[in-house]
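First up is the structure itself, then whatever we jot down about it.
Protein chains in written order, with my numbering: chain A, 4 to 500; chain B, 115 to 195.
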């Protein structure tokens with residue numbers, strides 16, 4: 004029988020390969036499918052004993068070294084009929100609080116050394132819930148039930164919760180052992196954070212694909228590259244920033260990377276020049292870009308790097324669809340630029356408890372990607388740059404409005420504006436211009452203030468203290484001129500005070 | 115901070131920041147390196163550089179040793195002969 008819920012996927016795999024490695028966290032341990040299932044049922048009993056009921060939202064706050072406990076907790080929550088809300092340990096306390104409050108989570112399960120923000124909910128480590136029976140729990144869970152909520156940066160400044168049902172998550176899952184994806188590999192290596200769409204995709208790979216999911220407990224580019232060599236990894240997923248760092252540090256010259264047959268970029272497209280360098284550094288690898296979003300998954304385009312179409316992002320895969328849409332909602336012909344819309348082959352996702360935003364972004368089965376692009380004559384997608392309040396920095400989407408809002412909370416900030424500026428490794432980083440209320444504002448103090456409110460990847464890379472912001476006649480900040488201020492600062496003037 | 119070890123680590127911080135944080139400024143700093151302006155990417159580079167040069171394995175997760183330059187120098191000093 005084809006699994007139609009995430010726990011059914013786990014049950015099938017545990018039956019087929021109870022002793023097979025599902026997840027390997029380097030330096031921490033290995034989780035087999037049998038243990039994954041047994042522990043998930045044990046934690047699910049603990050959740051039910053504490054009063055968790057179907058549909059309850061449960062926050063899961065974990066860092067990379069606790070992928071095993073996270074995977075157990077994720078399936079346990081769903082076995083109890085509840086909704087998993089994965090949260091990264093990189094988030095600032097204020098962000099975690101917002102997300103838990105927004106979905107009215109009734110509890111939070113935490114990884115080692117992590118503490119849930121104060122609130123009207125209980126918190127526990129998975130081990131505290133695991134003491135009792137591991138008999139199968141018998142809560143009915145169906146494909147249309149909500150399975151997870153992932154928070155992602157939105158255009159309004161506050162993160163939005165994207166809800167996915169079991170039917171959405173299990174779409175396309177495999178039942179035949181010999182047909183499992185990435186069958187050429189024994190290990191699939193990645194370092195995506197928990198709580199991101201790319202991280203969740205890797206969790207689904209751990210359940211459904213052939214190779215064991217391998218991840219470093221503590222990521223750095225050098226440790227990541229060493230893992231490729233020591234495990235002779237066959238499948239590797241990166242973000243462009245990680246690939247560029249690996250190349251710039253010459254790590255490919257110090258390690259044998261010939262085992263890699265698939266090198267995929269899952270969270271952001273590799274710039275063509277980087278793909279060319281990667282093809283040389285990974286001599287046996289097919290370099291592949293995947294284009295999707297938290298809202299659109301599992302809809303995606305897949306592109307094996309082709310020097311003849313270096314910036315193409317591919318065509319729709321797995322039965323999804325793609326169109327370029329004009330201002331009146333009409334499909335545009337090849338060559339004309341417009342909004343990129345994708346249609347999921349599975350039950351679409353939606354914004355949790357935000358009907359207005361859902362109506363804006365989800366249209367009759369189509370998802371507005373928030374990007375501009377065009378299709379070439381053969382149907383390949385190409386993106387076009389545009390001004391946006393959401394920028395992609397490394398693997399993350401960051402809302403400039405959210406960063407501005409955090410700056411305005413500082414008592415010494417009179418005005419603030421944030422833009423994305425080009426960066427050689429991360430693609431784009433945030434640059435903030437601040438008008439202080441009085442002289443003597445400390446840039447260091449401002450950053451320390453922001454660290455309480457924003458995740459590390461959301462902190463402005465550059466902060467410029469200015470006397471005033473460039474504005475047009477109606478008072479709107481002219482972002483193009485603002486970028487010019489940062490260019491001027493790079494060419495020799497003092498930045499900050 | 116002063117001394118050859120502090121000088122060398124300050125140079126590594128400077129390099130990890132693409133030269134944006136001058137070594138002299140790093141040597142004077144007492145607070146968080148992130149607050150000083152070392153980015154997430156810069157921290158990762160710094161961890162690799164210190165592991166490469168001194169064989170000292172640092173953890174970004176809990177981050178205690180990276181909370182300030184003096185703490186970082188102390189951690190490297192106690193772990194190297």
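All C-beta atoms, glycine included, are put in the ideal place defined by N, C-alpha and C.
Keep in mind that this is a model prediction, so the values were computed, not measured.
- Distance from the CA of residue 458/A to the CA of residue 107/A, rounded to the nearest whole angstrom, comes to 21 Å.
- For residue 194/B, there is no enclosing alpha helix (DSSP H), as DSSP marks it with neither H nor E.
- One Cα belongs to residue 244/A, the other to residue 345/A, and the distance between them is close to 26 Å.
- Proximity of chain B to residue 24/A at the Cβ level (cut-off 8 Å) is not reached, the minimal Cβ distance being about 23 Å.
- Put simply, the CB of residue 15/A is far from chain B, with every gap to its CB atoms at 8 Å or more.
- For residue 224/A, the neighbours in chain B by C-beta distance under 9 Å run, in chain order, 158, 159, 162.
- Your pair residue 288/A and residue 265/A checks out as a contact, with CB atoms roughly 6 Å apart and the cut at 8 Å.
- Of all C-beta pairs linking the segment 401-418 of chain A to the segment 439-459 of chain A, three or more are shorter than 8 Å, placing the two stretches in contact.
- Using a CB distance below 8 Å, the part of the segment 416-428 of chain A facing chain B consists of 428, ordered along the chain.
- Here residue 340/A is not near residue 373/A, since their CB atoms are 8 Å or more apart.
- If you check each beta-carbon in the segment 132-145 of chain B against every beta-carbon of chain A, the ones closer than 9 Å belong to 132, 134, 143, 145.
- Neighbourhood of residue 447/A in chain B, by CB distance below 7 Å: 145, 149, 150, in chain order.
- The beta-carbon distance between residue 85/A and residue 55/A, rounded to whole angstroms, is 5 Å. This is short enough to meet the 8 Å contact definition.
- Taking 8 Å as the threshold, the shortest C-beta distance from residue 464/A to chain B falls below it.
- Between residue 268/A and the set 251/A, 257/A, 242/A, the nearest pair of CA atoms involves 242/A.
- Around the beta-carbon of residue 251/A, fewer than 16 other beta-carbon atoms lie within 10 Å, marking it exposed.
- At a cut-off of 8 Å between beta carbons, residue 193/B makes no contact with chain A.
- The segment 104-166 of chain A is shown to contain whole beta strand (DSSP E) runs of 3 or more residues at 110-113, 125-127, 149-155, in chain order.
- Flagged as an interface residue toward chain A: residue 165/B, by a C-beta distance shorter than 8 Å.
- Per DSSP, reduced to three states, the secondary structure at residue 475/A is coil, with no helix or strand assignment.
- In the three-state scheme derived from DSSP, where H, G and I count as helix and E and B as strand, residue 177/A is classed as coil.
- Straight through space, the alpha carbons of residue 260/A and residue 401/A are spaced by roughly 32 Å.
- By the criterion of a C-beta distance shorter than 8 Å, residue 211/A is surrounded in its chain by 12, 16, 176, 177, 183, 184, once the five residues flanking it on both sides are discounted.
- Between residue 62/A and residue 137/A, the CB-CB gap reaches or exceeds 8 Å.
- For residue 372/A, there is no enclosing alpha helix (DSSP H); the residue is found in the beta strand (DSSP E) stretching over 369-378.
- Straight-line measurement puts the Cα of residue 154/A at about 30 Å from the Cα of residue 417/A.
- Cβ contact annotation for residue 123/B (same chain, cutoff 6 Å, sequence separation greater than five): 187, in chain order.
- In this structure, residue 35/A lies near residue 23/A, with their beta-carbon atoms less than 8 Å apart.
- Annotation: residue 14/A is outside any beta strand (DSSP E); the continuous alpha helix (DSSP H) that includes it extends over 9-19.
- For residue 466/A, the enclosing beta strand (DSSP E) begins and ends at 465-468.
- Shown here for residue 371/A: same chain residues with a beta carbon closer than 7 Å to its own, the five before and five after excluded, namely 342, 344, 364 in chain order.
- The beta carbons of residue 489/A and residue 434/A sit closer together than 8 Å.
- For residue 173/B, the chain A residues whose Cβ falls inside 7 Å of its Cβ are 221, in order along the chain.
- Here residue 224/A has 245, 248, 249, 252, 254 as same chain residues with Cβ atoms under 8 Å from its own Cβ, once five neighbours each way along the sequence are excluded.
- Interface annotation, residue 154/B: in contact with chain A, CB-CB separation under 8 Å.
- 244, 248, 252: these are the residues of the segment 244-257 of chain A whose beta carbon lies less than 8 Å from some beta carbon of chain B, given in chain order.
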